[in-house]
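A short write-up of the structure that comes next.
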DNA sequence: TCAAAAGTGTTTGACGTACACCCATGG
DNA sequence: CCATGGGTGTACGTCAAACACTTTTGA
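Residue numbers (the UniProt record's numbering), protein chains in the order written: chain A, 1 to 242; chain B, 1 to 242.
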């Protein structure tokens with residue numbers, strides 16, 4: 001049996017008193033690094049078991065604010081771009097007994113064994129600005145490439161799949177301007193879209209489309225230090241008429 | 001103060017014991033009749049105040065099942081087409097004190113004064129099959145045309161607007177085959193789309209598009225009794241290769 | 001026979017897709 | 001000087017939008 005420190009015990013107590021029961025938030029935090037789409041995962045104390053970050057909603061707290069709070073604590077970021085993409089409300093979402101055995105939680109008789117309805121949020125963050133930070137129950141927080149994600153606790157593999165499908169849908173509607181740093185090159189933006197969509201795009205058509213959208217602004221500098229032709233830097237300019 | 005009957009009192013008691021607190025379901029039940037998009041509303045006992053149908057989730061009940069149950073009770077239908085479209089999770093969604101004054105609920109000290117997070121579902125139903133049925137707290141259940149809806153209780157006017165926006169988005173992706181009876185004419189389908197979208201469509205282009213989708217099957221009969229040329233009847237045939 | 005709705009094709013423009021070559025840079 | 005990726009234009013096909021006349025039927 002794992003020893004949980006007093007802070008964790010206090011956390012449990014507080015959550016049980018101050019938060020809404022039967023309801024939780026699970027967060028899929030997407031980042032983009034080295035041409036790969038990644039999500040932030042947590043490893044539970046004393047185990048090799050990973051899960052998504054998550055948390056609970058305080059009784060008088062807005063749900064969106066709760067999601068911000070939970071994700072901010074894991075990333076160190078102030079304002080995250082969040083999107084609520086699905087409610088996971090099945091009566092039995094995963095094998096609870098097996099899951100709790102895996103994470104060695106002292107939950108007998110505690111209302112942590114309640115069934116939970118989970119509100120799925122995804123966050124789009126600038127990978128370079130994130131400081132991955134574990135919480136009371138976990139001892140490691142790091143990025144995982146989407147194609148290397150192991151079997152996760154709870155139904156979190158499924159949640160990631162639903163989040164990705166939702167992100168792909170969003171990509172059709174609007175440019176995604178939260179996963180890249182302030183300044184970026186068109187090829188970088190193209191790699192991002194390719195990674196989200198899962199298939200390659202034509203560079204010329206991609207260039208045309210992004211230019212035609214009118215939401216990009218070419219900066220005077222170029223990206224230096226590449227072994228080849230220096231690409232232009234761009235930034236998003238979503239309100240060209242503002 | 002309104003007298004609530006014993007059944008209603010039992011209902012309160014049961015909900016408080018058996019259902020999840022702080023969480024509710026609100027349902028926007030869309031129907032189509034006389035070329036108008038309508039929603040089913042409830043009038044609260046002894047008042048002229050209207051609201052959407054709604055209810056609570058049992059502690060071990062799937063959220064989707066709860067939504068089905070709640071909407072089935074108001075419509076008399078067995079299987080409804082449901083779509084979970086938004087979570088209304090603001091800490092303060094409406095003026096609670098004012099609202100409860102309007103509906104004369106004996107809620108002092110009861111945990112009904114809790115803030116609630118609402119899961120918004122919309123249902124698409126065949127108007128002609130619905131038997132509008134009030135619940136314990138209401139005495140009238142009837143259809144309202146979207147453009148004649150009065151000021152509703154809670155934040156239900158807002159919820160209807162969000163539901164409609166979501167329905168419009170869905171209309172772009174897939175044919176809507178739940179709001180019409182089994183057999184219908186192309187002009188009727190066009191009126192439905194126009195009503196949802198809020199603007200007129202070109203009959204020739206609409207005809208071409210629906211035919212090209214391959215999901216319609218022309219029946220041998222025509223709609224009789226119209227004062228003009230008798231239109232063909234169609235039905236949906238979503239699996240032409242099944 | 002007239003009014004009102006049903007039924008149908010063609011033309012045009014926009015947009016997405018396919019496709020190839022020259023340029024700039026670092027090694 | 002060469003390997004590698006960056007930057008750009010043109011041609012084609014598909015799909016959406018504009019647009020008018022004939023047919024049917026009840027009154």
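Where a beta carbon is used, it is the ideal one built from N, C-alpha and C, also for glycine. Computed from a predicted structure; not experimentally measured.
- request: Could you pull out every residue in the same chain whose Cβ sits closer than 8 angstroms to the Cβ of residue 185 (chain B), ignoring the five residues on either side in sequence?
  value: So the qualifying residues of the chain are 223, 231, 232, 233 and 234.
message: Applying the 10 Å Cβ sphere with the 16-neighbour rule, what's the burial state of residue 125 (chain A)?
response: Taking all protein chains shown into account, residue 125 (chain A) has 16 or more neighbouring C-beta atoms within 10 Å of its C-beta and is therefore buried.
message: Tell me the residue span of the beta strand (DSSP E) that contains residue 84 (chain B).
response: Bounds of the beta strand (DSSP E) holding residue 84 (chain B) are 81-88.
field: chain A contacts from the segment 4-24 of chain B (Cβ-Cβ distance under 9 angstroms)
entry: Cβ contacts with chain A: 20, 21, 22 and 23.
query: How about residue 160 (chain A): is its C-beta nearer than 8 angstroms to some C-beta of chain B?
result: No, no contact with chain B.
query: Closest Cβ-Cβ distance between residue 84 (chain B) and chain A: below 8 angstroms?
result: Chain A, which has a Cβ nearer than 8 angstroms to the Cβ of residue 84 (chain B), makes this yes.
query: Near residue 138 (chain A), which residues of its chain fall below 7 angstroms by C-beta distance, leaving aside the five closest residues on each side in sequence?
result: So the qualifying residues of the chain are 42, 43, 44 and 45.
query: Which residues in the same chain have their Cβ closer than 6 angstroms to the Cβ of residue 32 (chain A), if we skip the five residues on either side of it in sequence?
result: Hits under 6 angstroms: 127, 179 and 192.
Burial state of residue 226 (chain A) (16 or more Cβ within 10 Å): For residue 226 (chain A), the number of other beta carbons within 10 angstroms of its own is below 16, and it is reported as exposed.
- request: Name, please, each residue of chain B whose Cβ falls closer than 8 angstroms to the Cβ of residue 60 (chain A).
  value: Residues of chain B whose Cβ lies closer than 8 angstroms to the Cβ of residue 60 (chain A) are, in chain order, 91 and 115.
- prompt: Which residues in chain A sit within 8 angstroms of residue 202 (chain B), going by Cβ to Cβ distance?
  reply: Neighbours of residue 202 (chain B) on chain A: none; closest Cβ ~25 angstroms, over 8 angstroms.
Buried versus exposed call for residue 156 (chain A) [16 or more other C-beta atoms within 10 Å across all chains shown]: Under a 10 Å Cβ-count criterion, residue 156 (chain A) is classified as buried, with 16 or more other Cβ atoms of the shown protein chains found around its own Cβ.
message: Give me the DSSP bridge partner(s) of residue 138 (chain B).
response: Bridge partners of residue 138 (chain B): B:44.
- request: Assign residue 11 (chain B) to one of three DSSP states: helix, strand, or coil.
  value: Helix.
message: Within 10 Å of its beta-carbon, does residue 198 (chain A) have 16 or more other beta-carbons around it, so buried, or fewer, so exposed?
response: Around the beta-carbon of residue 198 (chain A), fewer than 16 other beta-carbon atoms lie within 10 Å, marking it exposed.
message: Strictly below 9 angstroms CB to CB, what residues from chain B border residue 131 (chain A)?
response: At a C-beta separation below 9 angstroms, residue 131 (chain A) has no neighbours in chain B, since its nearest C-beta there lies roughly 27 angstroms away.
task: Show which residues of chain B have a CB atom less than 8 angstroms away from the CB atom of residue 167 (chain A).
output: Ordered by position in chain B, no residue passes the 8 angstroms Cβ test against residue 167 (chain A), which lies about 16 angstroms from the chain.
field: Rounded straight-line distance, which links the Cα of residue 123 (chain A) to that of residue 187 (chain B)
entry: Put simply, the backbone Cα of residue 187 (chain B) is about 43 angstroms away from that of residue 123 (chain A).
- prompt: So the beta strand (DSSP E) residue 234 (chain B) belongs to, where does it begin and stop?
  reply: Per DSSP, residue 234 (chain B) belongs to the beta strand (DSSP E) from 232-236.
- prompt: So does residue 91 (chain B) have its beta carbon nearer than 7 angstroms to some heavy atom of the ligand ADP?
  reply: Looking at this structure, you won't find the ligand ADP or any other ligand, since it has none at all.
message: In whole angstroms, give me the CA-to-CA distance for residue 28 (chain B) and residue 164 (chain B).
response: A direct Cα-Cα distance of roughly 9 angstroms separates residue 28 (chain B) from residue 164 (chain B).
- prompt: Any idea what DSSP makes of residue 206 (chain A), helix, strand or coil?
  reply: Looking at residue 206 (chain A) - three-state DSSP - the assignment turns out to be helix.
query: Going by alpha carbons, who is nearest to residue 96 (chain A) out of A:116, A:135, A:214 and A:36?
result: Selected option, being the one with the closest Cα: A:116.
Spatially closest choice to residue 64 (chain B) from A:89, A:20, A:9 and A:130, by CA coordinates: Closest by alpha carbon: A:89.
field: DSSP state of residue 102 (chain A) mapped onto helix, strand, coil
entry: The answer is helix: DSSP assigns residue 102 (chain A) an H, G or I state.
field: residue 155 (chain B): contacting residues in chain A (beta-carbon distance under 9 angstroms)
entry: Those within 9 angstroms of residue 155 (chain B) in chain A number zero; the least Cβ separation is about 13 angstroms.
message: For residue 21 (chain A), count the other beta carbons within 10 Å of its own beta carbon; 16 or more makes it buried, fewer makes it exposed. Which is it?
response: When all chains shown are included, residue 21 (chain A) counts as buried.
task: Would you mind reading off the limits of the alpha helix (DSSP H) that contains residue 122 (chain A)?
output: Where residue 122 (chain A) is concerned, there is no enclosing alpha helix (DSSP H), although the beta strand (DSSP E) it sits in stretches over 117-124.
- prompt: With DSSP run on the structure shown, which of helix, strand or coil describes residue 26 (chain A)?
  reply: It is a strand residue.
message: My output table needs one value for residue 39 (chain A): the three-state DSSP class, helix, strand or coil.
response: DSSP places residue 39 (chain A) in strand when its eight states are reduced to three.
field: Proximity of residue 57 (chain A) and residue 23 (chain A) at Cβ, strictly below 8 angstroms
entry: Yes.
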